[in-house]
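Chains as they are written, first to last, in this note's numbering: chain A, -10 to 236; chain B, 42 to 353. The beta-carbon is built from N, C-alpha and C at its ideal position, and this holds for glycine as well. All values derive from a computational prediction rather than experimental measurement. The structure appears below as structure tokens.
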Amino acid sequence: MILTIAHKEFRSLFVIPSTWLILGALQFIFAWFFLARLDAFLQVQSQLAQLANAPGATLAVAAPLFGTIALILMMLIPIFTMRLIAEERRNQTLTLLMSAPVSDIHIVVGKFIGLMLFLLLIIASCMLMVLTLAAGTQLDTGLILTNALGLILLAASYVALGLYISSLTAQPVVAAIGALALFFGLWLVEISAVDSHNSWRALAPTSHFQSFNIGLLNSTDLIFFLLFCTAFLLLTIRRLHNNRIYS
Amino acid sequence: MSATAPITLSARNLIRRFGQREVIHGVSLELRHGEVLGLLGHNGAGKSTTLQMLTGALLPHSGQIEICGFDLSRQPQNAKAKIGFLPETPPLYREMSVNDFLIFAAKLHRVPRAHIMDALTETKRRCGLQDSGKKIIGTLSKGYQQRVGIAQAIIHQPEVIILDEPTVGLDPSQIRDIRELIRELGNTHSVILSTHLLGEVESICDRVEIMHHGRLIYGDISTKMQQYGSQPGFIVTLLAPPALSELQAIAEVQQVDQLSATQFRILHTVNTNPSAALLALAAQHGWQAEQLVPLQTRLEDVFMQITQDEKS
């Protein structure tokens, strides 16, 4: 059942023209940024070679690229999560799911997985771009893999939060703006904290992504992402259940 | 329909509040296999709310719903698998094609993978959608969208089909098609449909329940309701009318009113019908009978009558 719903969500993304437009634009931005970083790296490469412990291509090109993707995902995900529940409620198609023999858990997890599959596609396309570096240099696979994992976890936490916001309203636009405002708020909390051990900072998913970005696989960060996703998915499930009682 | 057919849906004492306001006050319903039940009532009488509760989309604050022996609150998935539901607004994903949407609906309602294609062809045939499979739902006309909505509700061969105002907004020929389809479904499934049109109840329902301010105030077989509280009669047009007293003299005629130069309203006793005698006389005396229309009870009249009886 979960897979049926996930499959439907995934497919319905691709029948909307704007999805293709966004995919194309993203590739363009990523490629632009990637080439710019690569160009800068090639210019300073001769100077770097004189350093004792010089950063390689992966750290100098790939890591900043992944950092940018993390930021872009933050702005992109609300556009997709707004559709998940708010739009179904507005078009009154939610009744189909509510009266079908599926539980609220199936609905929420199915929608979550459907969108994650799509985001995985975006992340994978970036990975492929980075992997082209392998033609010219030795790649730090460990760094790339932690970055990939970090991006997936970051995307998952954004989707979970966005899904919850989407379940609160019947207006997709409100859901998108609400989610974007929250993501920005969390991001500001991270960048405005001067002290790196500020406890507020720990709330922001982006701050937990930082350690993945530099190739650190920290169990605290892993647990944070898992808890963040589970918490908001549970809240969404609860919200859908309450929908049957109060609406 | 027979009285011994198994009960497929039973609801007992449903109560539903929105905020502090109680909108459904203890509704009980029972439906047998092969029966078409019409839920009749004005806008805002609580029909849609009741139907949504029967499908599990809304939870009642108290009361019990059982579908084919499964309790809707304890075994929701088993119970819901036996229901097909068409809400007031058909729940259609406008960007999907008809085929994709119906396949999704079939999977969602647990049709085994091997049977999906058969179910799809069969359902499209029944709903007259054979040529629309590849079309995008958003581009279909309202009537066809309604058909897709019904197809979605019956693709998994549910025991109980619940249709919320299935003919609203359709043109007359579409209404006729959909009524025929519902009638056909009523032979093999149980159907509940809500409507505010008395004619609809008359043409497709076996039984009717009238809902008013969140209560069921009257339930009977639909033909009986037509006659409720009103005296049976007909309106006859005679181009060369005789004197009123001549009409009055026909056996079993109770009262004759002249409506216009050629039209007469004739009321007669229950269980008798003097129309044959009248037509015979008309032929004999050359009254030139042209039209004979039975008096139609309007929903409004039935309502007034029933609500008045409730009060007294």
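In whole angstroms, what is the alpha-carbon distance linking residue i and residue j?
i               : j                : result
Q32 of chain A  : I66 of chain A   : 35 Å
P335 of chain B : G184 of chain B  : 31 Å
A239 of chain A : V148 of chain A  : The question about residue 239 of chain A has no answer here: the residues shown for chain A are numbered -10 through 236.
I11 of chain A  : L48 of chain A   : 27 Å
F19 of chain A  : L169 of chain A  : 21 Å
N119 of chain B : F111 of chain B  : 7 Å
L217 of chain A : K88 of chain B   : The amino acid at residue 217 of chain A is misidentified as Leu; the sequence shows Phe. Their Cα atoms are separated by approximately 41 Å.
G103 of chain A : I(-9) of chain A : 9 Å
A155 of chain B : L95 of chain B   : 30 Å
A52 of chain B  : I234 of chain A  : 18 Å
V162 of chain A : L150 of chain A  : 15 Å
L138 of chain A : N140 of chain B  : 37 Å
L143 of chain B : I226 of chain A  : 26 Å
Q171 of chain B : A192 of chain B  : 12 Å
S173 of chain B : G190 of chain B  : 13 Å
R166 of chain B : G179 of chain B  : 20 Å
Please name the residue, chosen from the options, that lies closest to residue i on a Cα-to-Cα basis.
i               : options                        : result
A160 of chain B : B:Q198, B:K175, B:S182, B:L127 : B:Q198
L211 of chain B : B:T130, B:L143, B:H102         : B:T130
L285 of chain B : B:D247, B:I307, B:V68, B:P273  : B:I307
H83 of chain B  : B:L170, B:H237, B:D141, B:K121 : B:H237
V361 of chain B : B:L322, B:I347, B:I251, B:P207 : Because chain B is modelled from 42 through 353, residue 361 of chain B falls outside the range shown and cannot be assessed.
I365 of chain B : B:V249, B:F275, B:A323, B:E71  : This structure leaves residue 365 of chain B out entirely; chain B is present only between 42 and 353.
L181 of chain B : B:A146, B:E206, B:L133         : B:L133
G274 of chain B : B:T313, B:L127, B:L234         : B:T313
S88 of chain A  : B:G260, B:F59, B:I203          : B:I203
T91 of chain B  : B:N54, B:G179, B:Q325, B:Q116  : B:N54
G227 of chain B : B:P213, B:L239, B:S244         : B:S244
I233 of chain B : B:V64, B:I56, B:L81, B:R57     : B:L81
R0 of chain A   : B:P101, B:H66, B:E136, B:I124  : B:E136
N232 of chain A : A:F198, A:A159, A:L177         : A:A159
Q93 of chain B  : A:A123, A:E179, A:L86          : A:L86
Quick check on DSSP: helix, strand or coil for residue i?
i                 : result
V294 of chain B   : strand
H66 of chain B    : strand
Q304 of chain B   : strand
R57 of chain B    : strand
E243 of chain B   : helix
A281 of chain B   : coil
E200 of chain B   : coil
Y153 of chain A   : helix
I203 of chain A   : coil
M(-10) of chain A : coil
V209 of chain B   : coil
Less than 7 Å between C-beta atoms, sequence neighbours within five positions excluded: which residues of the same chain meet that for residue i?
i               : result
W328 of chain B : L279, A281, P282, P283
S146 of chain A : P194, F214, F217, C218
V119 of chain A : A51, L54, I133
S316 of chain B : F275, L333
W176 of chain A : M63, A193, T195
Evaluate residue i with the Cβ neighbour count: other Cβ atoms within 10 Å of its Cβ, from every protein chain shown; 16 or more gives buried, anything less gives exposed.
i               : result
M345 of chain B : exposed
S7 of chain A   : exposed
N207 of chain A : exposed
I212 of chain A : exposed
H309 of chain B : buried
K148 of chain B : buried
Q127 of chain A : exposed
G56 of chain A  : buried
E287 of chain B : exposed
H95 of chain A  : buried
V311 of chain B : exposed
Q36 of chain A  : exposed
E241 of chain B : buried
Q349 of chain B : exposed
K121 of chain B : buried
Leaving out the 5 sequence neighbours to the left and right, which residues in its chain are closer than 6 Å to residue i when beta-carbon positions are compared?
i                : result
R228 of chain A  : S156
I177 of chain B  : S138
D13 of chain B   : It is not possible to answer for residue 13 of chain B, since the shown part of chain B is limited to 42 through 353.
L171 of chain A  : none
Q332 of chain B  : T278
Y259 of chain B  : I251, I347
L50 of chain B   : L72, I108, V201
A(-5) of chain A : G99, I102, G103
S231 of chain B  : T49, L72, H74, E76, V201
A146 of chain B  : Q193, I196
What does a CB cutoff of less than 8 Å around residue i pick up in its chain, not counting 5 residues either side in sequence?
i               : result
I262 of chain B : D247, R248, V249
A46 of chain B  : R73, H74, G75, E76
F3 of chain A   : W9
A165 of chain A : P67, I68, T70, M71
I157 of chain B : I144, A147, K148
Can you confirm whether residue i, when its beta carbon is compared against all beta carbons of chain C, has any partner nearer than 9 Å?
i               : result
A120 of chain B : Going by chain labels, chain C is absent from the structure shown, which instead holds the protein chains A and B.
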